[in-house]
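Down below is the structure, laid out as structure tokens.
There are 4 protein chains.
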Amino acid sequence: MRQNKKVGEDAKAQKRKQIMIAAMEMFAQKGYHTCTISDITKHAGIAKGLVYNYFDSKEDLMLKIVAEGFTLLIGGLDANSDGIITKEEFKNFVDLLFKKVESNKYYWRLYYSILLQPDIDKEKVFKTIEEIYQPVFQMVVDYYQSQNKENPVAEVVLWQSLLDGIVLNYLYNENYPLDEIKQVVYQKFI
Amino acid sequence: MRQNKKVGEDAKAQKRKQIMIAAMEMFAQKGYHTCTISDITKHAGIAKGLVYNYFDSKEDLMLKIVAEGFTLLIGGLDANSDGIITKEEFKNFVDLLFKKVESNKYYWRLYYSILLQPDIDKEKVFKTIEEIYQPVFQMVVDYYQSQNKENPVAEVVLWQSLLDGIVLNYLYNENYPLDEIKQVVYQKFI
Amino acid sequence: MRQNKKVGEDAKAQKRKQIMIAAMEMFAQKGYHTCTISDITKHAGIAKGLVYNYFDSKEDLMLKIVAEGFTLLIGGLDANSDGIITKEEFKNFVDLLFKKVESNKYYWRLYYSILLQPDIDKEKVFKTIEEIYQPVFQMVVDYYQSQNKENPVAEVVLWQSLLDGIVLNYLYNENYPLDEIKQVVYQKFI
Amino acid sequence: MRQNKKVGEDAKAQKRKQIMIAAMEMFAQKGYHTCTISDITKHAGIAKGLVYNYFDSKEDLMLKIVAEGFTLLIGGLDANSDGIITKEEFKNFVDLLFKKVESNKYYWRLYYSILLQPDIDKEKVFKTIEEIYQPVFQMVVDYYQSQNKENPVAEVVLWQSLLDGIVLNYLYNENYPLDEIKQVVYQKFI
DNA sequence: GATGAATGAGATTTCATTCAT
DNA sequence: CATGAATGAAATCTCATTCAT
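Chains as they are written, first to last, in the working numbering: chain V, 1 to 190; chain D, 191 to 380; chain B, 381 to 570; chain W, 571 to 760.
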């Protein structure tokens, strides 16, 4: 019995994930408002009503994708540190960040498009993101402090803005020369 | 008669502008898809149908706001130059850019949200934007070349990404320390 | 002064007719409901509001076209008779009828399409048509009676149905062999 | 499972038919353009949106009613023949035709009103009708030929025009003496 | 009389969500 | 759990009609 329940739960989690992936792809492709529940369920190969066995609403589905995806992608980034981050470690961190972007374009398109959508109640998702992001942010601030920068917080905000700008241009511009830009960033800022 | 016709045309242009401003504000506030024609016309104090005397469709209205706004805001930026841009002139140019963003938040929110919307046929609006933007881009490339930078185009792309990132964070984050960031940008990059 | 008034009235009648002709053509071309007041006024080369200086409404305009057109086209048909109609006169009458159809296709298309439109209050227009049609109908009944037909009314109703059917097929079927059919009608029924 | 699917499909076909019948009645009563989707769904006792689960658009719904109705009503008429049609068989054929008209007034009103509507893309429906009608037409031509008529095609065209005229007058004129007319037709033409 | 900008009721269509099976 | 037919609110857009000029 317990076995069965476990199996059932795994299957449920599996289906949930399947829906989220299909939804993420369709949201990123057509935009949140233009993409319909039908689009998603067709893409996932399931019945329309099934989404509502796993999520409260279209909005809930989308917010959970954004929050859980953020947790997944950014959650592990603060890993290593013994307290002091070296230049080498920071470069690896940035490298990893870029890799996460390059291999999850759909997610990041959705992420940014949602952040820029004025409707949509982002309170809850923001809270999750904030919680995940705070330690990462702090880690970079620490690094800048260890480099004896004058105004480490401002520097990190600037740094984050730069990354946002690069990522956005990369995500929405097919010809964006990401590798070249990465080189310039590395030699200029690291 | 000619007088009358002229007056009528002026009034029409006036009304057209009134609709565009109301639409821009509502689009920026509620997002393109969530904002209804009713929202716009109520905000403008006119009847629902009137929009369609001036624009073909909701989408047409939005694209014209984006295109004409871009022309207005970016169109005049290549002004001055006697061929060689000095550091001083470049700083003024960046200053002006920031000012245009700070005093047209609604417009820029709409602008970025549209660029990141995967639905919406952006072909035409892109063509307009490209035409306007190209000389400005070239001007900055020229400046970088005059500074003997190694890879001026990559540098400008990076520079533009940085600005995009800063502007986006400023537009959607109430507490973004724009002035502080501007200072850091000036001392680091100019 | 009287002169002016007269001229003014003539001009008015002229404009009224101009509107009716434009309307008839557009109604016949696009159908009553699909054809807009704008279509009509553009076709007539006048301002949209002007229609309402001459007619109460779109429906009024259409009904007046149908009624006055019927009067014009059918009104004169009972002309000649000295009481007794000869075979020759009857053939001329039918000939004339066909000619009126062939040279006023637009009108007859409108006429039939309106008769078959279940919405539209046809009461008034029917009264006019009835008044005009009655003597013509009677004339044909008289002719049939003079031919010692058994049931002249039924014969005329049948005859009229036949003409309706021929005209309708001719109006809406480009390849309808009207001339051939006319020959068959003449040799079979007259 | 297969059972269920079958049942579901039967139910779907049933509902589709229910919508078509309701629509036919309302179209015939109010006219295609005046009749709204709301009229139809209220009359059918279903929700407004449901029509669009079964038909692409209001126009699609109407065209399918016309085409499928024609197939149903005229499709079976070429039945019997062993090659030679007797006078008796021909009379039965005409009888049947009249019966089909008398017991499907709604359909035929819709049919004629659509044929006379200049807007509406009739291409597809015409193709269907043509395919169904052609063998019936041919059958009558054959009959006329067997009667050694001089110009059988013209005779059939005339005959068809006569029927159209009779049917139309019957459909739109409450006092049309159909039975009397039928008698005259039989004794005159058969 | 003539104009055409403005109105607003109303039509078609979409789609998130529910729920009986 | 899964299905997909059914719902109905709401959005875009049209157009007859009015009226200030």
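Glycine residues also receive a C-beta, built at the ideal position from the N, C-alpha and C atoms.
Out of the options, point me to the one whose CA is closest to residue i's CA.
i         : options                                       : result
Asp311(D) : Ala22(V), Gly31(V) and Tyr112(V)              : Gly31(V)
Ala424(B) : Met406(B), Lys438(B) and Asp440(B)            : Met406(B)
Thr606(W) : Gln525(B), Asp499(B) and Ile512(B)            : Asp499(B)
Lys758(W) : Ser437(B), Glu535(B) and Phe478(B)            : Glu535(B)
Gln24(V)  : Tyr52(V), Lys149(V), Asp10(V) and Gly69(V)    : The amino acid occupying residue 24(V) in the given sequence is Met; Gln does not appear at that position. The residue with the shortest Cα to Cα distance from Met24(V) is Gly69(V).
Thr698(W) : Phe625(W), Ala617(W), Gly645(W) and Phe668(W) : Gly645(W)
Lys397(B) : Lys428(B), Asp419(B), Glu510(B) and Phe435(B) : Phe435(B)
May I ask you to report which of helix, strand or coil DSSP gives residue i?
i         : result
Ser673(W) : coil
Asn151(V) : coil
Gly31(V)  : coil
Tyr176(V) : coil
Gly76(V)  : helix
Asp436(B) : coil
Leu116(V) : coil
Ile37(V)  : helix
Ala402(B) : helix
Ala201(D) : helix
Thr71(V)  : helix
Ile274(D) : coil
Ile616(W) : coil
Lys692(W) : coil
Ile380(D) : coil
Gln138(V) : helix
Met1(V)   : Residue confidence for Met1(V) is low, a pLDDT of 47 falling below 50, so the modelled location carries little weight; the figure read from the coordinates is stated next. Coil.
When the distance is taken between beta carbons, is residue j closer than 9 Å to residue i?
i         : j         : result
Ala408(B) : Ser493(B) : yes
Ile356(D) : Val326(D) : no
Phe660(W) : Tyr713(W) : yes
Ala637(W) : Lys675(W) : no
Ile85(V)  : Ser146(V) : yes
Val520(B) : Gln497(B) : no
Glu750(W) : Asn531(B) : yes
Ile616(W) : Lys582(W) : no
Leu251(D) : Met210(D) : yes
Asn745(W) : Asp544(B) : no
Leu63(V)  : Lys100(V) : no
Val157(V) : Pro367(D) : yes
Leu732(W) : Leu551(B) : no
Lys562(B) : Phe478(B) : yes
Leu300(D) : Ile255(D) : yes
Val621(W) : Lys612(W) : no
His413(B) : Thr641(W) : no
Against chain B: residues of the segment 684–703 of chain W by CB proximity under 7 Å: Against chain B - using a Cβ distance shorter than 7 Å - the residues of the segment 684–703 of chain W are Leu685, Leu686, Gln687, Pro688 and Asp689.
Residues of the segment 152–175 of chain V with Cβ closer than 8 Å to any Cβ of chain D, in chain order: When CB distances to chain D are screened at a threshold of 8 Å, the residues of the segment 152–175 of chain V falling below it are Ala154, Glu155, Val157, Leu158, Gln160, Ser161, Leu162, Leu163, Asp164, Gly165, Ile166, Leu168, Asn169 and Tyr172, in chain order.
The segment 218–243 of chain D: positions lying closer than 9 Å to chain V by Cβ: Taking 9 Å as the upper bound on Cβ-Cβ separation, chain V lies near residues Ala218, Gln219, Lys220, Gly221, Tyr222, His223, Thr224 and Cys225 of the segment 218–243 of chain D.
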